[in-house]
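Residue numbers (numbering that gives the first Met the number 0), protein chains in the order written: chain A, 0 to 274; chain B, 0 to 274; chain C, 0 to 274; chain D, 0 to 274; chain E, 0 to 274; chain F, 0 to 274.
Number of protein chains: 6
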Amino acid sequence: MGSIADWEAAKLILLGVPMDCTTSFRPGARFGPSKVREVSDGLEEYSFYLDRSLTDVAYYDAGDVPVVFGDVDTTLALIKRVITELVSLEKVPLLIGGEHLVSLPAIQALADQHGKLTVLHFDAHADLRDEYLGQRLSHATVMRRVTERIGPRNLYQFGIRSGTEKEFGFGYEHTRFYPDAVLEPLRDCLAELGQEPVYVTIDIDVVDPAFAPGTGAPEPVGCTSREIMEVVHLLGCLNVVGLDIVELSPSLDYGDTTAILVAKLVREALLSIRF
Amino acid sequence: MGSIADWEAAKLILLGVPMDCTTSFRPGARFGPSKVREVSDGLEEYSFYLDRSLTDVAYYDAGDVPVVFGDVDTTLALIKRVITELVSLEKVPLLIGGEHLVSLPAIQALADQHGKLTVLHFDAHADLRDEYLGQRLSHATVMRRVTERIGPRNLYQFGIRSGTEKEFGFGYEHTRFYPDAVLEPLRDCLAELGQEPVYVTIDIDVVDPAFAPGTGAPEPVGCTSREIMEVVHLLGCLNVVGLDIVELSPSLDYGDTTAILVAKLVREALLSIRF
Amino acid sequence: MGSIADWEAAKLILLGVPMDCTTSFRPGARFGPSKVREVSDGLEEYSFYLDRSLTDVAYYDAGDVPVVFGDVDTTLALIKRVITELVSLEKVPLLIGGEHLVSLPAIQALADQHGKLTVLHFDAHADLRDEYLGQRLSHATVMRRVTERIGPRNLYQFGIRSGTEKEFGFGYEHTRFYPDAVLEPLRDCLAELGQEPVYVTIDIDVVDPAFAPGTGAPEPVGCTSREIMEVVHLLGCLNVVGLDIVELSPSLDYGDTTAILVAKLVREALLSIRF
Amino acid sequence: MGSIADWEAAKLILLGVPMDCTTSFRPGARFGPSKVREVSDGLEEYSFYLDRSLTDVAYYDAGDVPVVFGDVDTTLALIKRVITELVSLEKVPLLIGGEHLVSLPAIQALADQHGKLTVLHFDAHADLRDEYLGQRLSHATVMRRVTERIGPRNLYQFGIRSGTEKEFGFGYEHTRFYPDAVLEPLRDCLAELGQEPVYVTIDIDVVDPAFAPGTGAPEPVGCTSREIMEVVHLLGCLNVVGLDIVELSPSLDYGDTTAILVAKLVREALLSIRF
Amino acid sequence: MGSIADWEAAKLILLGVPMDCTTSFRPGARFGPSKVREVSDGLEEYSFYLDRSLTDVAYYDAGDVPVVFGDVDTTLALIKRVITELVSLEKVPLLIGGEHLVSLPAIQALADQHGKLTVLHFDAHADLRDEYLGQRLSHATVMRRVTERIGPRNLYQFGIRSGTEKEFGFGYEHTRFYPDAVLEPLRDCLAELGQEPVYVTIDIDVVDPAFAPGTGAPEPVGCTSREIMEVVHLLGCLNVVGLDIVELSPSLDYGDTTAILVAKLVREALLSIRF
Amino acid sequence: MGSIADWEAAKLILLGVPMDCTTSFRPGARFGPSKVREVSDGLEEYSFYLDRSLTDVAYYDAGDVPVVFGDVDTTLALIKRVITELVSLEKVPLLIGGEHLVSLPAIQALADQHGKLTVLHFDAHADLRDEYLGQRLSHATVMRRVTERIGPRNLYQFGIRSGTEKEFGFGYEHTRFYPDAVLEPLRDCLAELGQEPVYVTIDIDVVDPAFAPGTGAPEPVGCTSREIMEVVHLLGCLNVVGLDIVELSPSLDYGDTTAILVAKLVREALLSIRF
C-alpha cells in the first residue's frame with residue numbers, strides 16, 4: 000500500500016513486530032505483520048470515509064523489527080532501541096504485532112522522549128495481572144507494567160470484558176477504566192485528552208469474534224468492526240505520537256477477514272493521524 | 000471452572016447430555032459437553048457483568064449422563080431418571096446438550112415435581128411438528144411434545160424464525176409465540192412470569208450464525224451474542240428450576256467461538272440464577 | 000424449493016449463471032448456483048416475515064445457463080439471448096451468479112425490452128472502473144458498462160464502501176450514489192422510483208463478512224444480514240422486472256452460512272416481487 | 000455413473016445405506032452414499048485396468064434404504080427386508096455405507112437365501128467384541144454377530160491391525176484371521192474359496208489414512224489404495240453374491256480423496272464381479 | 000531460491016504461468032506460481048540427492064507471464080511469444096503452471112525452433128480428447144493438440160490412469176502410451192530418446208493424492224513422490240530443452256505439502272538438467 | 000492408556016515437554032503432549048505386532064515438565080533437572096515434544112549419568128548448524144550441540160534428506176550419517192551398537208508428510224509410517240536408556256492422523272524397550 004520511497008520525508012513509520020514469545024495459548028501472532036502486508040495488496044488506497052488517499056500521506060514501511068525467538072528480554076530491548084531512534088528523528092511509529100507485549104518497549108521509548116505520556120488501551124482483556132505463569136513480562140501483564148511506567152491514571156482502558164476479579168478491582172480503582180464499550184467512552188474523553196501526547200494500543204480481540212475471528216484468545220460479545228473503525232477516525236482529534244495494533248493471528252483467521260480488517264484500520268490510522 | 004467438590008452442599012448441578020440420536024442432518028452435538036468443559040479452562044471465573052465469581056457459587060459438575068447411541072427411548076428414560084433424582088434432592092439442573100430432544104425428559108421430570116411448569120424456549124426453529132421423518136420423538140418435534148405435557152399456554156417461544164406454515168399457525172394460536180426477537184418480548188413477560196417455576200431451554204441456533212456458527216442447522220438473521228447474554232442475565236429475576244443449552248456442534252464451530260459463547264452463557268447462568 | 004413443474008404458468012424464472020471468467024482473485028463463484036440449490040433443500044418454503052409460502056408462487060427453476068469457460072464474449076452473448084427470450088415471454092428472470100459481470104447482459108436484454116430501465120445496485124465495491132487489468136468487460140467495470148447502456152442517472156448504488164478515488168468521484172458526480180448504508184437510502188428513494196421498471200443486482204459482499212464470509216473479495220464493515228433481507232422485502236413496493244444475486248463463492252464460505260443466506264434472500268425475493 | 004434405466008434387466012443393484020446410529024466417535028458415515036454419488040460425476044466410466052466400461056454392465060442405482068435415526072432395530076429390519084427382496088429376484092446387492100453394522104442384515108438376508116455363506120472382511124479393526132458400550136449391536140461387534148450367523152470358520156478377516164487382546168485371541172482361534180496384510184493372504188485363499196457364494200465387506204479404514212483419511216476411526220499403517228484396488232480386481236475370480244463398502248465419512252475427508260477412492264472401488268467392483 | 004541476478008548469463012529461465020481459464024472444475028491453478036515461490040523460501044538450496052546447490056546453477060526467475068483472464072487465445076499467444084523469445088536467446092524455459100493448457104504454446108514455440116521435438120508427458124489423465132465441453136483448447140484436450148503439432152509418435156505418455164475408452168484407444172494406437180507406471184517405462188525409453196531435444200510436462204496429479212493433494216482433479220492410485228523425483232533425476236541423461244510442472248492448486252493443498260513437493264521438483268530439475 | 004498408579008514400581012516414565020520457544024516457522028509443537036494423551040484414549044492397549052499389552056508394562060505418566068515460554072535457558076535447565084532426577088532413580092524417560100531442542104537437556108542428563116552415550120537420531124533435517132538466526136540453542140542446531148557433548152562419532156543419523164551443504168559435509172565427515180533411509184541402515188548398525196546405552200530421538204518429520212502431515216517443517220519424500228514403526232520394534236534389541244518423539248504440531252495435523260501415529264509409536268516403544 001503506497002509507502003513512499005523517501006525515508007527522510009516520511010513522518011509516519013510502519014513497523015512490523017513479529018513476536019509471540021510469551022503467548023501461552025495458540026501462538027501465531029508472529030505472522031501478523033506479513034499477512035497484513037499481503038492482504039493490503041487487495042485494499043484500495045483511497046478511503047471514502049475520510050476522502051483521502053494513502054498517496055497523500057508521507058509514510059514509510061520500514062519492514063520488521065528482528066525478533067530473537069526464545070529471548071524475550073533481548074527482543075524487547077531491540078524494539079525499544081528501534082523506537083527510540085525513530086522517535087529521536089521525530090517520526091511517529093505505527094506498529095503491527097505480534098503479541099501485546101510489544102507495546103511495552105514502544106511506550107517506554109515514547110515516555111522517555113515525551114516525559115509525560117497517556118496510553119489509550121482497547122482490548123477484551125484487562126492485561127493487568129502482576130504476573131502470569133510466573134512471569135512478570137507477558138501479554139497478560141503488559142498493561143500493569145505500563146501503569147508502572149506512566150502512572151495508572153494515564154492509562155485509559157476501553158472495551159475490557161474479561162479478567163480476574165483482582166484485575167477489574169485494580170482497573171476500577173487505579174486506571175481510567177471503561178469496561179465493555181469503546182466508542183462512547185472515548186468520545187467522552189476527547190476533551191479531557193486534549194492535545195497531550197497519546198499512545199494508542201489496539202488489541203484486535205477487542206472486536207467481537209464474529210468480525211475478527213483471527214486472534215488467539217477470542218472473547219464473545221465485543222464491539223463491532225464499525226465501532227473500532229470509528230474509534231480510529233476519532234484519533235484525528237488527538238495528538239497521537241505512536242500506535243500499535245496487536246494479536247492478529249493469521250492461522251486462526253477465517254478467509255483473511257481479520258487481517259483485512261487490521262489492514263483497513265492501519266490505512267484509516269495512516270489517514271487519520273495528524274502530524 | 001471452579002466446580003466445588005462438595006456434592007451435598009451444591010445447589011446447582013451441571014450435567015452434560017451428549018446425545019444426538021435423532022439429528023437428521025450434520026450430527027455432532029454429542030461433543031458439545033466435552034468441548035464446553037475444555038474451553039471453559041480458558042475462561043475467567045469472574046463476570047464483570049454481574050460482579051460475581053464462580054467461586055462464590057455452590058455448583059457441582061456431575062459429568063455426563065450416559066447415552067445409549069441408537070436407542071432413543073432408553074436414553075430419554077435414563078435422563079429423566081437422573082433429573083428426577085436431582086430434583087428430589089432440591090437441586091437445580093443445568094444441562095449442556097446434546098440435541099434438543101434432551102429437554103423433554105428434563106421438563107417431564109420437573110413438571111412431575113413442581114406440578115405446574117412454565118417453559119421458556121429460545122430457538123431459531125419452532126420445533127412444533129407433530130412428527131418428523133416418521134418419528135414423534137425428534138429434535139424437530141420436541142416442543143410439540145412439551146406442549147402436550149405442560150399445556151401450550153405454558154410454553155413461551157422466543158426468537159423463532161423458521162418453521163412450516165403449520166408450525167407457525169400452531170404457535171400463533173396455541174403457545175405464547177414471539178417470533179424473531181428475544182430480548183424485548185422476554186422483558187415484557189417478566190411481570191407475568193412472576194415467581195412461577197420456569198424451565199429455560201436455549202437452542203444456541205437462536206443466535207445469528209455470525210456469532211454462533213457451531214450448530215447443525217444455522218439459520219441466518221438471528222439475535223446477537225450480546226442479546227442472548229442479556230437474556231441470561233434477566234433469568235435472575237425469575238424462579239428458574241432448570242435450564243439447558245443445546246445444539247452446540249463443535250466440529251462445525253469456527254475457532255471454538257460458539258463453544259466459548261456457550262461456556263460463557265453457562266457461567267452467566269450459574270451466576271444469575273437465584274436459589 | 001417448491002419450483003412448480005409448469006413452465007408456461009410460471010412468471011418468475013430462476014436461472015443459475017455459473018460464470019467466473021474474469022475473476023482476478025480467488026475464483027469459485029461458478030459453484031454458487033449449485034450450492035444455493037443444495038442448501039435450499041434444508042430451507043423451509045414458508046416465510047413468516049411475509050406470511051407466504053413458495054407453494055403460493057408460480058415460479059420455475061430453469062437450471063443453469065451454459066458457460067463457455069475461457070470465452071467471455073460468447074458467454075455474455077449466450078446469457079443475453081436467454082434473458083431476451085424469457086423477457087419476450089413476459090417472464091421475470093431471477094439470476095443466481097456467478098460473478099458480477101453476469102448482470103450486464105441481463106440488464107442489456109431488459110433495457111432493450113423496456114426502453115427505459117432503472118438499476119438498483121447493492122455492493123461493497125463501486126465496480127465503476129473504465130477498465131481493469133486491461134479489460135473493459137470485468138467484474139470491476141460492470142457498473143460502468145451499465146451506465147453506458149442505461150445512463151448514469153438511472154443507476155442507484157447502495158452500500159458502496161470500497162473503490163478508487165476516481166470511482167467515488169464518478170459515482171458522486173454521475174450516478175445516484177449512496178455509499179456505506181443500504182436500507183435508509185433505499186427507503187428514501189422508494190417514492191422517486193415509483194412504478195418504473197427496475198432491475199436489482201445484489202453483490203452478496205455488500206453484507207458484512209461476519210454474516211457473509213463466502214465471497215471472493217470480502218470487505219469489512221458492511222450491512223447486516225437483517226438489513227439486506229429488509230431491502231429485499233422493500234422490493235414488494237417496486238416494479239421489479241429482473242433481479243440477480245451474485246458473487247457467492249461456496250469454497251470460501253463457512254458452514255454454508257452465506258449460501259443459506261443467499262437461498263433465503265432468493266426465497267424472500269420470490270415471495271416479495273409482485274407480478 | 001451410467002446406471003441403466005431398466006430395473007428388470009439389471010443384475011447388480013447399487014444401494015446406499017446412510018446409517019450411523021451406533022457410531023460412538025465422530026459420526027458422519029450417513030453422508031457416505033450421497034457423497035459417493037456426487038464425486039462419481041467426475042469419474043470416467045471406463046477402467047483401463049479392466050478395459051471395460053460401466054456402459055457394458057447391467058447395473059441399477061436404487062437410491063438409499065430409508066434409515067430411522069435413533070432406532071437401530073427398525074433400521075436393521077428394514078435393510079434386511081430390502082436385501083431379501085433383491086436377493087429373491089436374483090439381484091446382487093452392492094451397498095455403500097453408512098456404518099459397518101449395515102453389513103449384518105445384508106449378510107443375514109444372503110445367508111438365508113444361499114444356505115451357506117462365506118464372508119470376506121477387510122478392516123483395520125477386528126469388530127469381534129461381544130458387546131460394546133453395553134450394546135450387542137454395534138459397529139464394534141458386527142463381525143462377532145456375523146460369526147454367530149454363518150459360523151466363525153466361514154469368516155475371513157484381512158488387514159486387521161487394531162483390537163483388544165481378546166478380539167485377536169478370538170480371531171486367531173476361531174475365524175480365518177489374516178492380520179495386517181490384505182492382498183497376499185487373499186491370493187492364497189482364492190483356490191480354497193472356489194465358487195462358494197461369498198459376501199465381501201470392505202471397511203474403508205483398512206486402507207492407510209494417508210490414502211483414505213475420510214473415516215471415523217483412522218488407524219495408521221494400513222494397506223495402500225493400490226492394494227485395495229487389486230483386492231477388488233481379484234473378486235472377479237470368485238462367486239460374489241453381495242458386497243459393501245462402509246465407514247466413509249465425508250466430513251472427515253480431505254479434498255474428497257476418500258470418496259473418490261470409494262467411488263472408484265465401486266466402479267471396479269461393478270466391472271469385476273461376474274454374474 | 001538463489002536465482003542469479005544476471006539475466007544474460009542465465010541459461011535456465013524460471014517462468015510462472017498463472018492461467019486457469021479453461022478449468023471446468025475447482026479452479027485455482029492460477030495461484031500455483033506465487034505459492035511455489037513462497038514455500039521455496041523454506042527450502043534448502045542444496046540437494047543431497049545430486050550433491051549440488053542452486054548457487055552453482057545459472058538460472059534466473061523471470062516472474063510471471065501476464066494472463067488475460069477470460070481470453071484464452073490472447074493468453075496462449077502471449078505465452079508463445081515469450082517462450083519464442085527465450086528460445087531464440089538459447090535459454091531453456093522452466094514453467095510453473097497454471098493449468099495444463101499452458102504447455103501447448105510452449106511446445107509450439109520449441110517445436111518451431113528445433114524442427115523436431117519429443118514430448119514426455121506425466122499425468123493421471125490422458126488429455127487426449129478432441130474437444131471438451133465444446134472447446135478444442137482445454138486442459139482436457141491439450142495433448143491431442145500436441146500430437147497434431149509434433150506427431151503422435153513423438154508424444155510419450157506416462158502414468159495415465161484415467162480417461163475415456165476413446166482416449167485410451169487413441170493412446171494405445173497412436174502415442175507412446177505407458178499407463179499407470181512412470182519410472183520403469185521412462186528408464187526403458189532413455190536409450191531410445193538419446194540426445195533428441197525433449198520437452199517435459201508434469202501434471203502434478205500424476206502423483207498419488209496422498210503425496211500431492213493440492214490439485215483440481217485428484218485421481219487415486221498414482222505414483223509416489225519418490226518416484227516422480229527419480230523421474231526428474233533421470234532428466235539429467237536427456238537433452239531437455241524445456242519443462243513445465245502444472246496443475247498445482249494451492250487452495251486445495253494440505254499444509255502446503257504439494258507446493259513444497261513442486262518446489263523441490265523444480266529445484267531438482269534446475270540441478271539435473273544439463274545445458 | 001493404562002499408566003499404572005504406582006510411581007515407585009514404574010520403570011518407564013512418560014513425560015510431556017510442551018516447549019516450542021525457538022521454532023522460527025509455524026509454532027504449535029507445544030500442544031503435542033496433550034494431543035497425544037487425548038488421542039491415546041481411542042487407541043487399544045494391545046499391540047498385535049508384539050502380542051503384548053500396556054497392562055503388562057510398569058510405566059507411569061508423570062505429566063508435563065513446566066515450560067517458561069520466552070525463556071529458553073531456564074526451560075532447558077528445568078528439563079535437565081527433571082531428567083537427572085529420573086535417571087538417578089534408574090527410570091527410563093520417554094519424552095513427547097515439543098520442539099527438537101528438548102532432546103538436548105535429556106541427552107546431557109543421560110550422558111552425565113552413563114558416562115558414555117550413543118544417540119540415534121531419526122529426522123528429515125540434519126539439525127547440525129552451528130548457529131541459526133544468531134542462536135546457538137535452536138531446533139536447527141540441536142544435534143551439533145549433541146555432538147559437542149557426546150562426540151560426533153557417537154551420533155547416528157538416519158533419514159536425513161534436508162540441510163545445507165555444510166551440514167551434509169559435517170555429517171558425512173564426522174557423524175555416522177545415513178541420509179534418506181531409516182530401516183536398512185539401522186538394521187546394519189544393530190550389531191555394532193550392541194548393548195551400549197543408547198538414547199533415541201525421533202523427529203516425526205522423518206516420516207513422509209503423506210503419513211505425518213502434522214509437523215512444522217514437512218519435507219516430502221520421507222519414510223513410511225510402517226518403516227518408522229519397524230524402527231521402534233527394533234529398539235527391543237538395544238539397551239535404550241531414554242527416548243523422545245518430537246515436533247508433532249497438532250494444529251497442522253489432518254484428522255489427528257499424525258497424533259495417532261505418535262501415540263501408536265509411544266505404545267510400541269513402551270512395549271518394545273527392555274528394562
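C-beta atoms are modelled at their ideal positions from N, C-alpha and C, and glycine is treated no differently.
Could you give the residue range of the beta strand (DSSP E) that holds residue i?
i	result
Ala61/B	Tyr58 to Asp63
Leu242/D	Asn238 to Val245
Leu93/B	Val91 to Gly96
Hey, quick one: how far does the alpha helix (DSSP H) through residue i stretch, first residue to last?
i	result
Leu269/E	Thr256 to Ser271
Val71/F	Val71 to Ser87
Arg175/F	It is not in any alpha helix (DSSP H) - Arg175/F instead sits in the beta strand (DSSP E) that spans Arg175 to Tyr177.
Pro184/F	Leu182 to Leu192
Val67/C	Careful: Val67/C lies outside any alpha helix (DSSP H) and carries neither H nor E.
Glu37/B	Gly31 to Ser39
Across which residues does DSSP place residue i in a beta bridge pair?
i	result
Tyr45/E	Ser52/E
Thr214/A	Leu247/A
His120/A	Gln156/A and Thr200/A
Val231/A	DSSP output for Val231/A lists no bridge partner at all.
Tyr253/D	The partner list for Tyr253/D (beta bridge, DSSP) is empty, contrary to what the question assumes.
Leu14/E	Leu94/E
Tyr341/D	Residue 341/D cannot be examined here, being either before or after the span of chain D that is shown, 0 to 274.
Measure the Cβ-Cβ separation of residue i and residue j and say whether it is below 8 Å.
i	j	result
Pro249/D	Gly97/D	no
Gly158/A	Phe210/A	no
Pro277/C	Leu75/C	Examination of residue 277/C is not possible in this model, given that chain C is present from 0 through 274 alone.
Ile149/A	Ala110/A	yes
Thr146/D	Thr174/D	yes
Report, in whole angstroms, the separation of the C-beta atoms of residue i and residue j, which I expect to be a contact under 8 Å.
i	j	result
Gln156/B	Gly168/B	Wrong, their Cβ atoms sit about 13 Å apart, outside the cutoff.
Ala123/E	Asp60/E	Ala123/E to Asp60/E, Cβ: 28 Å. No contact.
- Does the count of Cβ pairs from the segment 20-32 of chain C and the segment 82-91 of chain C closer than 8 Å reach three? Short answer: they don't touch.
- Message: Between the segment 194-210 of chain D and the segment 103-114 of chain D, can you find at least three pairs of beta-carbon atoms closer than 8 Å?
- Response: Yes: at least three Cβ pairs fall under 8 Å.
- Task: Give a yes or no on contact between the segment 31-48 of chain A and the segment 246-262 of chain A, applying the rule of three or more CB pairs nearer than 8 Å.
- Result: Cβ pair count under 8 Å is three or more, so yes.
- Message: For the structure I just gave you, are there three or more beta carbon pairs, one from the segment 217-231 of chain C and one from the segment 220-232 of chain A, closer than 8 Å?
- Response: Short answer: they touch.
- Pairing CB atoms from the segment 226-244 of chain A with CB atoms from the segment 6-18 of chain B, are three or more of them under 8 Å? Touching, no.
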